[in-house]
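**Q**
Protein chains: 2
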Amino acid sequence: MTQAPVPPGLVEAFWEYERALMDDDVATLDRLFAPGPTTIRGDADGLLVGHDQISAFRGRRGGAPRRRIVQTHVQTVDDDHALVVAVTELERGGRGQQTQLWLRTADGWRVSAAHVSTPAPALDTRVWRVVGDPLVPATGSGPLDGESVAVKDVYAVRGQRIGAGNPAWLAQAREEPVTARAVELLLEAGAAVRGIARTDEFAWSLAGTNAHYGAPPNPRAPGRVPGGSSSGSASAVSLGHASIGLGTDTGGSIRVPAAYQGLHGIRTTHDLVSSYAVLPLARTFDTVGWLTRDAGLLQRVGEVLLPPGPRNPAAELVSVPGLLALAEPDVGETVDRFAAEHGAMRESWDLAALPAWLRAFQTVQAREAWQDRGAWLAPRLDELGTDVRGRFEAAAQVDEESADAARRVVAEARSTIRDLVGDRVVVLPSASSVAPLLGTGLQSVREATLTLTCLAGLAGLPAVSVPVTARSGLPTGVCLLAGAGRDRDLLQLAIDLA
Amino acid sequence: MTQAPVPPGLVEAFWEYERALMDDDVATLDRLFAPGPTTIRGDADGLLVGHDQISAFRGRRGGAPRRRIVQTHVQTVDDDHALVVAVTELERGGRGQQTQLWLRTADGWRVSAAHVSTPAPALDTRVWRVVGDPLVPATGSGPLDGESVAVKDVYAVRGQRIGAGNPAWLAQAREEPVTARAVELLLEAGAAVRGIARTDEFAWSLAGTNAHYGAPPNPRAPGRVPGGSSSGSASAVSLGHASIGLGTDTGGSIRVPAAYQGLHGIRTTHDLVSSYAVLPLARTFDTVGWLTRDAGLLQRVGEVLLPPGPRNPAAELVSVPGLLALAEPDVGETVDRFAAEHGAMRESWDLAALPAWLRAFQTVQAREAWQDRGAWLAPRLDELGTDVRGRFEAAAQVDEESADAARRVVAEARSTIRDLVGDRVVVLPSASSVAPLLGTGLQSVREATLTLTCLAGLAGLPAVSVPVTARSGLPTGVCLLAGAGRDRDLLQLAIDLA
Chain A
1 MTQAPVPPGL
11 VEAFWEYERA
21 LMDDDVATLD
31 RLFAPGPTTI
41 RGDADGLLVG
51 HDQISAFRGR
61 RGGAPRRRIV
71 QTHVQTVDDD
81 HALVVAVTEL
91 ERGGRGQQTQ
101 LWLRTADGWR
111 VSAAHVSTPA
121 PALDTRVWRV
131 VGDPLVPATG
141 SGPLDGESVA
151 VKDVYAVRGQ
161 RIGAGNPAWL
171 AQAREEPVTA
181 RAVELLLEAG
191 AAVRGIARTD
201 EFAWSLAGTN
211 AHYGAPPNPR
221 APGRVPGGSS
231 SGSASAVSLG
241 HASIGLGTDT
251 GGSIRVPAAY
261 QGLHGIRTTH
271 DLVSSYAVLP
281 LARTFDTVGW
291 LTRDAGLLQR
301 VGEVLLPPGP
311 RNPAAELVSV
321 PGLLALAEPD
331 VGETVDRFAA
341 EHGAMRESWD
351 LAALPAWLRA
361 FQTVQAREAW
371 QDRGAWLAPR
381 LDELGTDVRG
391 RFEAAAQVDE
401 ESADAARRVV
411 AEARSTIRDL
421 VGDRVVVLPS
431 ASSVAPLLGT
441 GLQSVREATL
451 TLTCLAGLAG
461 LPAVSVPVTA
471 RSGLPTGVCL
481 LAGAGRDRDL
491 LQLAIDLA
Chain B
1 MTQAPVPPGL
11 VEAFWEYERA
21 LMDDDVATLD
31 RLFAPGPTTI
41 RGDADGLLVG
51 HDQISAFRGR
61 RGGAPRRRIV
71 QTHVQTVDDD
81 HALVVAVTEL
91 ERGGRGQQTQ
101 LWLRTADGWR
111 VSAAHVSTPA
121 PALDTRVWRV
131 VGDPLVPATG
141 SGPLDGESVA
151 VKDVYAVRGQ
161 RIGAGNPAWL
171 AQAREEPVTA
181 RAVELLLEAG
191 AAVRGIARTD
201 EFAWSLAGTN
211 AHYGAPPNPR
221 APGRVPGGSS
231 SGSASAVSLG
241 HASIGLGTDT
251 GGSIRVPAAY
261 QGLHGIRTTH
271 DLVSSYAVLP
281 LARTFDTVGW
291 LTRDAGLLQR
301 VGEVLLPPGP
311 RNPAAELVSV
321 PGLLALAEPD
331 VGETVDRFAA
341 EHGAMRESWD
351 LAALPAWLRA
361 FQTVQAREAW
371 QDRGAWLAPR
381 LDELGTDVRG
391 RFEAAAQVDE
401 ESADAARRVV
411 AEARSTIRDL
421 VGDRVVVLPS
431 ASSVAPLLGT
441 GLQSVREATL
451 TLTCLAGLAG
461 LPAVSVPVTA
471 RSGLPTGVCL
481 LAGAGRDRDL
491 LQLAIDLA
């Protein structure tokens, strides 16, 4: 390739950009990126397409890491186009690379494409608290040989502390003397523990936006929340850091991250899998669950964690238009199509009591959360992120009388839902929407999703989330809800439907 | 920006490249990259410049990770040039990005620049065995507040095993009941342990090319060895994963990685810093040492680990042409220039005994290494990498008589070297060459470097390595060697000379 001279003005524009980057001069950076919808910028968190997306990203990130340019290579295309590749050396250590396509417009040189790499940190602290190669080796050999587990930071791992997504809790935590039974079973079956993954604080959120450690990335939906509270476990699996994400699901904490990130996930029948040495959120509803990238491994984990039991391969699928209607149209239609394609019968349910059921679920959950955590938290509410703090503050106000009333509604709901489901499999949305954009208000999304996800929680039923793609191209989830103890049937069904 | 149509043939070339990549069809990949010295390809391990370098890289890597293309964006410059940005989804999880500048030659479309990003792993297992946020929190507050330590995998950390760079050793290791004294002192002074960093097997190498875990990257010299045996600690500091790399130096294991990676490093006077709960290599020569990115922090760590003592700020610098001549010209000249610039007096030493000293050093080191490790290793030599295995096999042959003879030479050398150094500071190369290229024979480099580094080892003297840049642009190190107990003087000198 013959190398043409560097066109006039390009070097100056390159350095103007570099200075603006170091000064976080967003106006200049915006100006030096070509306007329009085809300008692109990519980094480890994903590709941004269009000047508007790029500009919004700059506005919120608060500056690039300090760096200096140690090498530049210019490939001149013609007087108006050149590629500039720069090697950067970061003040915090390590080297990165930046590739920019520059073009000369009537207003001067502009970047039309940028690809930025910075050195990866020792560990992604949004996803992990501790990781190892492995952190805990397998203790046996079996169906999970070679698999690696991201353990949600509410499970005890001998010698490690439980952090529960909150720095103050972590600071006072002691090293655990035992390993949670579910983790032990995975180790005995040949899996190793890759590490301890972040969770929303005390597992009480569906967003995955931990106020202390940041939101784990959602690789399939860059710029969007990962879903929670098993957020780190889910992102670890999405990123390929672990093959199995061990989590918990009280009101959707497995199903929501599965849907948002396009993973498979299961919450098990309440009490069916040992929650020994797992920090509880709300004991009446808490369940063990896990996430994987494929249905086969989801099932293999089930063969290790679930008791053997009679299987009923017959699966009569049912979909309930009233439940589909609770989701955003994009998601509702996708799930409806999935249900239709798999021959689900439409069935109308009387959902008049659903709002009351949801309130009862939330009341009992709050009461139990406060009973377990209130004494420690009461003098430390300042140490919580805003959203979770609000939940605990409200929980502190729930008296035993209201809780008792709610428990009666829960019992009624449980019985009603179990009757409605019967021995069929109900097809419904795993979450009411695709993953919301980071930085947007999440409260209404939370309520809408919880209206759907609380059904399994209330009734203590198993549910599998199967990934599908919404019309927008973003991942979402189809939830398969079955009768108590039919966990293995659901795992088989997830394979059959894939 | 107006978007011109995609030029004919480009899409086909793009997919031909992608297929060849998945098939590891090196011939096709080579053909599709533009010939010549300006073609470039960069990834997280650094930028390769020129078709030859890129081709050599492809030849040795054994295929790219399995992936599929999930998005493509083409920016057409003209009929003969276009940028193609692709988002990739890896089979093992996560998303990456690839940016390619294509140009049409007489022979068809060719890539003239490529920038490839793949998702970072949970941890870089070449650098780390375990990492955390932090792995061990500070136990006190002091001059090291906010600093993070990469602990070489020969130091005990309570609750963790010692891996010593060998999987079989790790597999039988128990969790340590105590923390090494040096680590405890750092924790008390406010530093946190970031993690446990890789080492060459049993710390017996200067290369950093662990046969089991791979060579940690050398960001300042991509494609070259990191130096060892404190390889992981050094790379962790270079990469910005930790600010302090705690290591050991028996015959150069701090000074060599410091030189190869452009870091500051110190090996302390023998026995001056506690080696309690550190796995020994050769007790007569082993010392505690550390690496940092700047001289100020190197000194602050010294203030925590070194005993207080009288300082002698006077530093008469001496350089010995016969020692400079032992290094490659590139390095020797660089160190010579440094010495001259800082007013070092040239002094001629009788170095006739140096080869015998080196042999005695190696004999005693081998004898002690075998005494400590032989019983366990004898039935397990297969579990060692080739180079280290060779050393242990030779060590098994050293009898007590030869060891005794060598000990007498060591005692003589020790006395002679201490007399030669006196109360001056000797300026010599930290290693005989810049970091060798990965995959090249390292034995001759090892011998040449050890001839220089064994002086401090034999005499039990402190030595600081200060980074300088060789004419080639690669990092190398100036070693400052002083009398016993003058560690703090050396740390101050490293600042004064910076």
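Protein sequences appear in the order of chains A and B.
Once you know that position 247 of the first sequence is 247 in UniProt numbering, the rest is easy, because the numbers rise by one and skip nothing.
Once you know that position 1 of the second sequence is 1 in UniProt numbering, the rest is easy, because the numbers rise by one and skip nothing.
Yeah, the Cβ is synthetic: ideal placement off N, Cα and C, and Gly gets one too.
Distance check for Thr-250 (chain B) and Pro-177 (chain B), CA to CA, integer angstroms please.
**A** Numbered from its first residue, the second sequence carries residue 177 (chain B) at position 177. Numbered from its first residue, the second sequence carries residue 250 (chain B) at position 250. Their Cα atoms are separated by approximately 25 Å.
**Q** Return no unless some Cβ of chain A is closer than 9 Å to the Cβ of Met-1 (chain B).
**A** Locating residue 1 (chain B) in the second sequence gives position 1, where the first residue counts as 1. Below a pLDDT of 50, predicted positions are generally treated as unreliable, and Met-1 (chain B), at 42, falls in that range; the measurement from the model is reported next regardless. Met-1 (chain B) counts as touching chain A.
**Q** Using a threshold of 9 Å, state whether the C-beta atoms of Ala-215 (chain B) and Arg-126 (chain B) are closer than that.
**A** The sequence position of residue 215 (chain B) within the second sequence is 215, counting from 1. The sequence position of residue 126 (chain B) within the second sequence is 126, counting from 1. Contact flag set, yes.
**Q** Taking the runs of the alpha helix (DSSP H) that are 4 residues or longer, which of them lie wholly in the segment 270 to 319 of chain A?
**A** Within the segment 270 to 319 of chain A, the complete alpha helix (DSSP H) runs of at least 4 residues are 295 to 305.
**Q** 9 Å is my cut-off, CB to CB: does Ala-242 (chain A) come that close to chain B?
**A** Here residue 242 (chain A) is taken as the residue at index 242 of the first sequence, counted from 1. Chain B contact via Cβ: present.
**Q** Assign Glu-184 (chain B) to one of two classes, buried (16 or more other C-beta atoms within 10 Å of its C-beta) or exposed (fewer than that).
**A** As a first step, residue 184 (chain B) is located in the second sequence; it is residue number 184 there, counting from the start. Glu-184 (chain B) should be labelled buried.
**Q** For Gly-46 (chain B) versus Pro-226 (chain B), is the C-beta spacing smaller than 9 Å?
**A** Taking the second sequence and counting its residues from 1, one reaches residue 46 (chain B) at position 46. Taking the second sequence and counting its residues from 1, one reaches residue 226 (chain B) at position 226. Not closer than 9 Å, so no.
**Q** When you check each C-beta in the segment 203 to 224 of chain A against every C-beta of chain B, which residues fall closer than 7 Å?
**A** Within the segment 203 to 224 of chain A, the qualifying residues are Pro-219.
**Q** Determine the DSSP secondary structure at Gly-374 (chain B), reduced to helix, strand or coil.
**A** Here residue 374 (chain B) refers to the residue found at position 374 of the second sequence. Here Gly-374 (chain B) sits in helix by DSSP.
**Q** Using a beta-carbon distance below 9 Å, is Ala-277 (chain B) in contact with chain A?
**A** Residue 277 (chain B) sits at position 277 when you count from the first residue of the second sequence. Taking Cβ atoms only, chain A never reaches closer than 9 Å to Ala-277 (chain B), which makes this a no.
**Q** Is residue 500 (chain B) close to chain A, meaning its C-beta is less than 9 Å from at least one C-beta of that chain?
**A** Past the edges of chain B, shown from 1 to 498, lies residue 500 (chain B), and the structure says nothing about it.
**Q** Taking the Cβ atom as the reference point for each residue, do Leu-281 (chain A) and Thr-451 (chain A) lie within a distance shorter than 9 Å?
**A** As a first step, residue 281 (chain A) is located in the first sequence; it is residue number 281 there, counting from the start. As a first step, residue 451 (chain A) is located in the first sequence; it is residue number 451 there, counting from the start. The answer is no: Cβ separation not under 9 Å.
**Q** Using 10 angstroms around the beta-carbon of Ser-432 (chain A), count the other beta-carbons present and answer buried if the total reaches 16, otherwise exposed.
**A** Translated into the one-based positions of the first sequence, residue 432 (chain A) becomes position 432. By the neighbour-count rule (16 or more Cβ atoms within 10 Å), Ser-432 (chain A) is buried.
**Q** Could you give the distance in angstroms between the alpha-carbon of Tyr-213 (chain B) and the alpha-carbon of Arg-255 (chain B)?
**A** What you label residue 213 (chain B) is simply residue 213 of the second sequence in a count that begins at 1. What you label residue 255 (chain B) is simply residue 255 of the second sequence in a count that begins at 1. If you take the alpha carbons of Tyr-213 (chain B) and Arg-255 (chain B), they lie about 22 Å apart.
**Q** Give me, in chain order, the residues of the same chain whose beta-carbon lies closer than 8 Å to that of Asp-43 (chain A); leave out the 5 immediate sequence neighbours on both sides.
**A** Reading the first sequence from its first residue, position 43 is the one you call residue 43 (chain A). Hits under 8 Å: His-115, Val-116, Ser-117 and Thr-118.
**Q** Do Asp-133 (chain A) and Leu-239 (chain A) have their C-beta atoms within less than 9 Å of each other?
**A** In the first sequence, the residue the question calls residue 133 (chain A) occupies position 133. In the first sequence, the residue the question calls residue 239 (chain A) occupies position 239. No, these two residues do not count as a Cβ contact at 9 Å.
**Q** If you reduce the DSSP assignment to three classes, tell me which class Tyr-155 (chain B) lands in.
**A** The residue you call residue 155 (chain B) lines up with position 155 of the second sequence. Reduced to three states, the DSSP call for Tyr-155 (chain B) is strand.
**Q** Answer yes or no: do Ala-86 (chain B) and Thr-39 (chain B) have a C-beta to C-beta separation smaller than 9 Å?
**A** One-based indexing of the second sequence puts residue 86 (chain B) at position 86. One-based indexing of the second sequence puts residue 39 (chain B) at position 39. Not in contact: Ala-86 (chain B) and Thr-39 (chain B) (Cβ atoms no closer than 9 Å).
**Q** With DSSP as the reference, identify every bridge partner of Arg-346 (chain B), one or two as the case may be.
**A** For this step, residue 346 (chain B) is matched to residue 346 along the second sequence. Arg-346 (chain B) is bridged to B:Ser-319.
**Q** Looking at the unbroken alpha helix (DSSP H) that takes in Glu-188 (chain A), where does it start and where does it end?
**A** Counting from one through the first sequence, the residue named residue 188 (chain A) turns up at place 188. That run of the alpha helix (DSSP H) goes 181 to 188.
**Q** Which residues of chain A have a Cβ atom closer than 8 Å to the Cβ of Val-409 (chain B), listed in chain order?
**A** Residue 409 (chain B) sits at position 409 when you count from the first residue of the second sequence. Residues of chain A passing the Cβ test: none, with the nearest at roughly 41 Å.
**Q** Only counting the same chain, and skipping five residues up and downstream in sequence, which positions put a Cβ closer than 8 Å to that of Arg-311 (chain A)?
**A** Here residue 311 (chain A) is taken as the residue at index 311 of the first sequence, counted from 1. Arg-488, Asp-489 and Gln-492.
**Q** Show which residues of chain A have a CB atom less than 9 Å away from the CB atom of Gly-385 (chain B).
**A** As a working note, residue 385 (chain B) is residue 385 in the second sequence. Correct list: empty, because the minimum Cβ distance to chain A is about 17 Å.
**Q** Name the DSSP beta bridge partners of Ile-40 (chain B), please?
**A** Position 40 of the second sequence, counted from the first residue, corresponds to residue 40 (chain B). Answer is B:Val-49 and B:Ala-113.
**Q** Only counting the same chain, and skipping five residues up and downstream in sequence, which positions put a Cβ closer than 6 Å to that of Arg-380 (chain A)?
**A** Numbered from its first residue, the first sequence carries residue 380 (chain A) at position 380. Closer than 6 Å at the Cβ level, and outside the excluded window around Arg-380 (chain A), lie Ala-168.
**Q** Is it buried or exposed for Val-237 (chain B), if we count other Cβ within 10 angstroms and need 16 for buried?
**A** Locating residue 237 (chain B) in the second sequence gives position 237, counting from the first residue. Val-237 (chain B) should be labelled buried.
**Q** If you draw a straight line from the alpha carbon of Gln-299 (chain B) to that of Val-331 (chain B), how long is it in whole angstroms?
**A** To locate residue 299 (chain B), count along the second sequence from 1; it is residue 299. To locate residue 331 (chain B), count along the second sequence from 1; it is residue 331. Rounded to the nearest angstrom, the two C-alpha atoms are 25 Å apart.
**Q** Based on DSSP bridge pairs, tell me the residues matched to Ala-463 (chain A).
**A** Sequence index remark: in the first sequence, residue 463 (chain A) carries index 463 (1-based). For Ala-463 (chain A), which the question treats as bridged, DSSP gives the partners A:Arg-267 and A:Leu-481.
**Q** Run through DSSP, which three-state label would Gln-443 (chain B) get?
**A** Position 443 of the second sequence, counted from the start, is the residue given in the question as residue 443 (chain B). Three-state DSSP puts Gln-443 (chain B) in a helix.
**Q** What are the partner residues of Pro-475 (chain B), as DSSP defines its beta bridges?
**A** Taking the second sequence and counting its residues from 1, the one referred to as residue 475 (chain B) is at position 475. According to DSSP, Pro-475 (chain B) bridges with B:Thr-469.
**Q** Let me check understanding here. Comparing Cα to Cα, which of A:Val-193, A:Leu-144 and A:Ser-444 lies closest to Gln-160 (chain A)?
**A** The residue labelled residue 160 (chain A) in the question sits at position 160 within the first sequence. Residue A:Val-193 is the option with its Cα nearest to Gln-160 (chain A).
**Q** Hey, would you say Ala-277 (chain A) sits closer than 9 Å to Ala-180 (chain A), going by beta carbons?
**A** Numbered from its first residue, the first sequence carries residue 277 (chain A) at position 277. Numbered from its first residue, the first sequence carries residue 180 (chain A) at position 180. Yes, the pair counts as a contact, with Cβ atoms nearer than the cut-off.
**Q** For Met-345 (chain A) versus Val-364 (chain A), is the C-beta distance shorter than 9 Å?
**A** Residue numbering aside, residue 345 (chain A) sits at position 345 when the first sequence is read from its first letter. Residue numbering aside, residue 364 (chain A) sits at position 364 when the first sequence is read from its first letter. No, these two residues do not count as a Cβ contact at 9 Å.
**Q** Determine the burial state of Ala-360 (chain B): buried for a count of at least 16 other Cβ atoms within 10 Å of its Cβ, exposed for fewer.
**A** Taking the second sequence and counting its residues from 1, one reaches residue 360 (chain B) at position 360. Buried, because 16 or more other Cβ atoms sit within 10 Å of the Cβ of Ala-360 (chain B).
**Q** Assign Trp-290 (chain B) to buried or exposed, taking buried as 16 or more other Cβ atoms, counted over all protein chains shown, within 10 Å of its Cβ.
**A** Locating residue 290 (chain B) in the second sequence gives position 290, counting from the first residue. Buried, because 16 or more other Cβ atoms sit within 10 Å of the Cβ of Trp-290 (chain B).
**Q** So, Ile-69 (chain A) versus Glu-18 (chain A), is the Cβ gap smaller than 9 Å?
**A** By one-based count along the first sequence, residue 69 (chain A) stands at place 69. By one-based count along the first sequence, residue 18 (chain A) stands at place 18. Contact: yes.
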